[in-house]
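The listed protein sequences correspond, in order, to chains A and B.
By UniProt numbering, the letter at position 104 of the first sequence is numbered 104, and the numbering carries on one by one without gaps.
By UniProt numbering, the letter at position 3 of the second sequence is numbered 3, and the numbering carries on one by one without gaps.
C-beta atoms are modelled at their ideal positions from N, C-alpha and C, and glycine is treated no differently.
The structure displayed is predicted, hence computed values, not measured ones.
Structure, as structure tokens:
2 protein chains.
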Amino acid sequence: MSTSPHPLDQAIQLHAQGEDLYQGRLTPAYANMVGPFGGAIAAVVLNAVLQHPQRLGEPVALTVNFAGPIADADFEIRARPARTNRSTQHWSIELIQAGETAILASAMTAERRETWSDQELACPDVAPASEVPITPVSGFTPWVDNYEMRFIDGMLTFRPADARDDSQSRLWIRDQPPRALDFLSLTALADVFFPRVFLRRQQPCPAGTVSMTLYFHAGSAELAACGTEPLLACARAQVLHNGFADQTAELWSADGRLLASSQQLVYYKA
Amino acid sequence: MSTSPHPLDQAIQLHAQGEDLYQGRLTPAYANMVGPFGGAIAAVVLNAVLQHPQRLGEPVALTVNFAGPIADADFEIRARPARTNRSTQHWSIELIQAGETAILASAMTAERRETWSDQELACPDVAPASEVPITPVSGFTPWVDNYEMRFIDGMLTFRPADARDDSQSRLWIRDQPPRALDFLSLTALADVFFPRVFLRRQQPCPAGTVSMTLYFHAGSAELAACGTEPLLACARAQVLHNGFADQTAELWSADGRLLASSQQLVYYKA
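So this is what it looks like as structure tokens:
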């Protein structure tokens, strides 16, 4: 039985350096084609908020702007509670490397109270994870090896004949090795979708997320209750226009609860 | 013929105070039940970026975190280009009143190039604005008098018998008096939807937007070409959970182009 931390926790580990200041370095395990996997970047940014001694409540919203490249080297994260209210708190976060802002982020934390609730969006009616074979994805880019993916539809093949006029992807996914769900792993999972422009054209082109916003619709106990079960991850573009495409996405628990929803803007050069 | 500026331009007027610093004050015309209309706040925040002498390109993304109340008094906006790349720029923006952060925002501007583009989401098939009667909304809250609204569905009545199990609203809308479309008026229009929890329950409760992200899918020339024609505005919640509801929304031109898409997180106490 291994006692070393999960690869995700190794990657997003932070060391407090003083008030509002943390030092970190993502690991090669979460490398992407250029720089680190955006989901790991978003998770390490959120981790600074989660570790901050002044944090109030749990994350409800996170916006990460990918302002510049991140090299395989140390960086600093400055996380500052810009405003603290009675039950909510707003965070300003900046990841700085070699003196330059690489990530500009904001987060909101809140103490939730149980109240009238309703899920309007219906969970997609798909086969359970146990009935969907694991999709071989190794070799695409390093970070994918940290995930077990079971594509239902919208898999990237880079065969032009597979180009379609819609960019929906739906897959069951979990950390590999499995890791109990929490805000950090959920944040990383929200960015596992290949750029929709790849899927539309089934050919590679320069592309990358420039901004991502994530809303959390569950508390820590609800996430913990998901354990290591795969989540259903769904994404599609609404419009791809002159170099910028959007992407809306949802992450569902195995029992059909919408745990998180997100919106991304993705640069592309087609 | 009047030569005074449009009420929106009066409301979001800014005075440069020095490097990265602007002074402003929203007008009573854009007041909401508590504080100013969030759409006017988002527009004045974007205006600081648009007026900044170092701006590169046009807005592609805007996130506005409503951190605290704004009083009917002067405020300062600090807008700083945190990172400037070859064709993109990332902005950190803060609205400060009486020494406290009331708004924490980020924006991205970019020089777009014409390239392969496609609109995946289909424009809703609804009657044209000319065939939908103007909905009387005056009296709800002051800011609504600045808009001409033509509801197709999802109008707020506050009659409990009208409570439904979905929160979709679709309406044709434009500034009143009419104003040629640009990034500023489009930004304000993205926040014209009443909290979805009101519509679900058709009863008032404490509620307000805490975070809004807006992506622009058109350039300034494309917006100008819309002139003063009404836009089709559509919104719905996906989930309302323990005090926080999301809202996804789209703004369409009369000829069916997706001009902007947005995501909001809305606090509610039900």
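Give the straight-line distance between the Cα atoms of residue i and residue j, rounded to the nearest whole angstrom.
i	j	result
Thr27(A)	Val132(A)	30 Å
Phe183(B)	Gln247(A)	21 Å
Phe75(B)	His15(A)	37 Å
Ser117(A)	Ser211(B)	19 Å
Leu265(B)	Thr209(B)	6 Å
Arg83(B)	Arg113(A)	38 Å
Gly18(B)	Gly24(B)	13 Å
Gly256(A)	Gln202(A)	30 Å
Ala129(A)	Pro230(A)	7 Å
Gly219(B)	Ala102(B)	29 Å
Glu100(A)	Gly35(A)	15 Å
Ile96(A)	Arg159(A)	38 Å
Pro98(B)	Phe37(B)	Here residue 98(B) turns out to be Ala, not Pro, going by the sequence shown. Approximately 19 Å between the Cα atoms of the pair.
Pro124(B)	Ala235(B)	12 Å
Asn85(A)	Gly57(A)	11 Å
residue 276(B)	Ala190(B)	Absent from the model: residue 276(B). The displayed extent of chain B is 1 to 270, so no value can be given.
Leu121(A)	Ala71(A)	39 Å
Ala188(B)	Asp145(A)	43 Å
Pro195(B)	Ala221(B)	32 Å
Ala73(B)	Asp162(A)	58 Å
Pro53(B)	Leu240(A)	29 Å
Helix or strand or just coil, what does DSSP make of residue i?
i	result
Ile96(A)	strand
Arg200(B)	helix
Asn65(A)	strand
Ser261(A)	strand
Pro7(B)	helix
Leu104(B)	strand
Val126(A)	coil
Glu58(A)	strand
residue 292(B)	Any property of residue 292(B) remains undetermined from this structure, which presents chain B solely from 1 to 270.
Within the same chain, show all residues whose beta-carbon is closer than 7 Å to that of residue i, passing over the 5 residues directly before and after it, in chain order.
i	result
Leu104(B)	Asn65, Ala67 and Glu94
Val192(B)	Gly39, Tyr147, Ile173 and Ala233
Ala107(A)	Leu46, Val49, Pro59, Ala61, Leu62, Trp91 and Ile93
Leu21(B)	Glu76 and Arg78
Gln238(A)	Asp246 and Thr248
Ser185(A)	Leu8, Asp175 and Arg179
Leu251(B)	Leu186, Leu189, Ala190, Leu231, Ala233, Leu259 and Ala260
Below 6 Å CB to CB, which residues in the same chain sit around residue i once its five sequence neighbours on both sides are set aside?
i	result
Pro142(B)	Ala31
Asp153(A)	Arg170
Ser253(A)	Cys226 and Leu259
Phe151(A)	Thr135 and Leu171
Leu181(B)	Leu223 and Cys226
Pro206(A)	Lys269
Val44(B)	Ile12 and Gly24
Gln119(A)	Leu258
Could you give the C-beta distance for residue i and residue j, rounded to a whole number, given that I count them as a contact under 8 Å?
i	j	result
Ser87(B)	Ala110(B)	6 Å
Ser262(A)	Leu214(A)	4 Å
Ala127(A)	Val197(A)	The pair is not a contact, with the Cβ atoms about 28 Å apart (cut-off 8 Å).
Ala29(B)	Ala11(B)	6 Å
Thr228(B)	Asn242(A)	That belief does not hold up - the Cβ atoms of Thr228(B) and Asn242(A) are roughly 24 Å apart, past 8 Å.
Ignore the nearest five residues each way along the sequence and tell me which others in residue i's own chain have a CB closer than 8 Å to its CB.
i	result
Arg55(B)	Val49, Pro81, Gln89 and Thr109
Pro177(A)	His6 and Pro7
Val199(B)	According to the sequence displayed, residue 199(B) carries Leu and not Val. Same-chain partners within the cutoff: Gly154, Leu156, Arg164, Ser167 and Ser169.
Gly139(B)	none
Met149(A)	Ile134, Thr135, Val137, Leu171, Trp172, Ile173 and Val192
Ser4(B)	Gln10
Phe244(A)	Val210, Leu265, Val266, Tyr267 and Tyr268
Pro69(A)	Val34, Gly35 and Ala102
Gln51(A)	Leu14, Ala16 and Tyr22
Pro204(B)	Phe158 and Phe198
Can you determine whether any heavy atom of the ligand FAD sits closer than 8 Å to the C-beta of residue i, and answer yes or no?
i	result
Pro28(A)	What this structure holds is no ligand at all, so the ligand FAD is not there to describe.
Which residues in chain C have a C-beta closer than 7 Å to the C-beta of residue i? List them in chain order.
i	result
Ser167(A)	Among the protein chains in the structure shown, which are A and B, there is no chain C.
>> Going residue by residue through the UniProt domain "Acyl-CoA thioesterase-like C-terminal" (137–267) of chain A, where are the continuous alpha helix (DSSP H) segments of at least 4 residues, counting only ones entirely within it?
In response: Assignment of alpha helix (DSSP H) within the UniProt domain "Acyl-CoA thioesterase-like C-terminal" (137–267) of chain A, counting only whole runs of 4 or more residues, yields 183–189, 196–201 and 220–224 in chain order.
> What are the complete alpha helix (DSSP H) segments, minimum 4 residues, inside the region 14–53 of chain A?
Replying inline: List check, alpha helix (DSSP H) in window: 38–51.
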